[in-house]
Amino acid sequence: MNTFQLTCFMTVAETLNFARAAERLNITQPAVTHQIRSLEEELEVKLFKRTTRLVELTPSGYLFINDARTILETAVRAKKRFEDPGQQEMTELRIGSQSHTYLRGLADTLDRLRQAYPAVHPRFQSEPVPVLRRRVQEGDLDVLLDFREEDGEKRGIVYRELLKVPVVCLCPADHPLAAKTAVSQEDLKEEKLIVNGPMHSPGAVIRLQGEIIGKRSLTDVYFSDSPETAALLTLAGYGISFLPDLFLPRRERLVKRPLMGIEELSFGLYCRRGDANPVLKEFIRIVEDSL
């Protein structure tokens, strides 16, 4: 594996077109094809699904993007370091989350961290939680912000709670449920529901969704991929959404009501057991103080 192969891969991934990738790289299309095939043979996976009319990333290709980007960025930094050996050493802090919503409360934390470590460069990765946990375990990710799962610490990963988060219902301000101080699962039986897909929800919420949805028709259930799209569909009258009250988007015509009988969820951070990274330790200290 070399940087030219990775550059070809990233260019094809961006353009989804071998001819345009070759034009951008100023090489021939067969040369691009050869580099991609060599990379696939080395990795023993298919990175692209190719037909006469279409080029698509395979699931393995999507997973490889962050690895390829990291390797290329590391190579660039190494080259720059030797070009200017006197420059201040740059330090990365790699932060993962399954939803960028979880990062909304970090502005002040990152500002304070920057003042303590001016050379720190935060990097953010958003992928399915199992992938992110594996990256933490293998040292490819410094910290993961997520809701607590029971098996977290069994994999050499330490969990530290930052706050408790209630599960709430979002409904339009003129909906009958808005007049209630709290909403029960019984109240939702006749409502159309908006739920986050399983790739974008903590396990406890996924289980709760299964209970509330029950055997109702799929025509009465709408799936979203973020709190923003859930709020949008709710505001548009598609149904009632329920999700953790963590940095939810504020809309004047939406109200949120506690969901009765549901325990608050633990939200915090995962990191490797025994990680001595001083930047990570300072980040944890500041974020615990902030939240």
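Take any residue in the sequence shown, note its place counting from 1, add 1072, and you have its number in this note's numbering. Note that the Cβ used here is the ideal one computed from N, Cα and C, for glycine as well.
Just how far apart, CA to CA, sit residue 1094 and residue 1112? The residue labelled residue 1094 in the question sits at position 22 within the sequence shown. The residue labelled residue 1112 in the question sits at position 40 within the sequence shown. Approximately 18 Å between the Cα atoms of the pair.
Can you grab the Cα-Cα spacing for the pair residue 1109 / residue 1103, in whole Å? If you number the sequence shown from 1, residue 1109 lands on position 37. If you number the sequence shown from 1, residue 1103 lands on position 31. Rounded to the nearest whole angstrom, the C-alpha separation of residue 1109 and residue 1103 is 10 Å.
Following the continuous alpha helix (DSSP H) through residue 1329, name the residue where it begins and the one where it ends. Position 257 of the sequence shown, counting from 1, holds the residue named residue 1329. Looking at the DSSP string, residue 1329 is not in any alpha helix (DSSP H); the run it does join, the beta strand (DSSP E), is 1326 to 1330.
Could you check whether residue 1314 and residue 1267 sit closer than 9 Å to each other, using their CB atoms as the reference points? In the sequence shown, the residue the question calls residue 1267 occupies position 195. In the sequence shown, the residue the question calls residue 1314 occupies position 242. Yes.
Excluding the 5 residues preceding and the 5 following residue 1295 in the sequence, name in chain order all residues of the same chain whose CB lies nearer than 7 Å to its CB. Stepping through the sequence shown from its first residue, residue 1295 is reached at position 223. Excluding residues within five positions, the ones whose Cβ falls inside 7 Å are 1267, 1269.
Local conformation of residue 1121 per DSSP, three classes: Working through the sequence shown from its first residue, we reach residue 1121 at position 49. Here residue 1121 sits in strand by DSSP.
Length at least 3, wholly inside the stretch 1254 to 1339: the beta strand (DSSP E) runs in chain order: 1265 to 1268, 1293 to 1296, 1312 to 1316, 1326 to 1330
Taking residue 1303 and residue 1325 to be in contact with their CB atoms under 8 Å, please state how far apart those CB atoms are, rounded to whole angstroms. Stepping through the sequence shown from its first residue, residue 1303 is reached at position 231. Stepping through the sequence shown from its first residue, residue 1325 is reached at position 253. So it is not a contact: roughly 10 Å between Cβ atoms.
Looking at residue 1317: is its Cβ nearer than 9 Å to the Cβ of residue 1201? Within the sequence shown, numbered from 1, the residue matching residue 1317 stands at position 245. Within the sequence shown, numbered from 1, the residue matching residue 1201 stands at position 129. No, Cβ-Cβ distance for residue 1317 and residue 1201 is not below 9 Å.
According to DSSP, simplified to helix, strand and coil, what is residue 1236? To locate residue 1236, count along the sequence shown from 1; it is residue 164. Per DSSP, reduced to three states, the secondary structure at residue 1236 is strand.
For residue 1197, does the three-state DSSP call read helix, strand or coil? Mapped onto the sequence shown, residue 1197 falls at position 125. Of the three classes helix, strand and coil, the one that applies to residue 1197 here is strand, per DSSP.
Relative to the C-alpha of residue 1080, which residue among 1115, 1140, 1235 is closest? For the purposes of this step, residue 1080 is taken as residue 8 along the sequence shown, with counting starting at 1. Among 1115, 1140, 1235, the Cα nearest to that of residue 1080 is on 1140.
For the pair the stretch 1119 to 1132 and the stretch 1165 to 1173, tell me if three or more CB-CB distances fall below 8 Å. no
May I ask you to verify whether the stretch 1201 to 1211 touches the stretch 1339 to 1356, counting CB pairs closer than 8 Å and requiring at least 3? yes
Residue 1351 and residue 1240 closer than 9 Å at C-beta: Stepping through the sequence shown from its first residue, residue 1351 is reached at position 279. Stepping through the sequence shown from its first residue, residue 1240 is reached at position 168. Their beta carbons are not under 9 Å apart, which means residue 1351 does not touch residue 1240 by this criterion.
Would DSSP call residue 1231 helix, strand or coil? Position 159 of the sequence shown, counted from the start, is the residue given in the question as residue 1231. DSSP places residue 1231 in strand when its eight states are reduced to three.
CA-CA distance, residue 1075 and residue 1114? Translated into the one-based positions of the sequence shown, residue 1075 becomes position 3. Translated into the one-based positions of the sequence shown, residue 1114 becomes position 42. Residue 1075 and residue 1114: Cα-Cα distance of roughly 14 Å.
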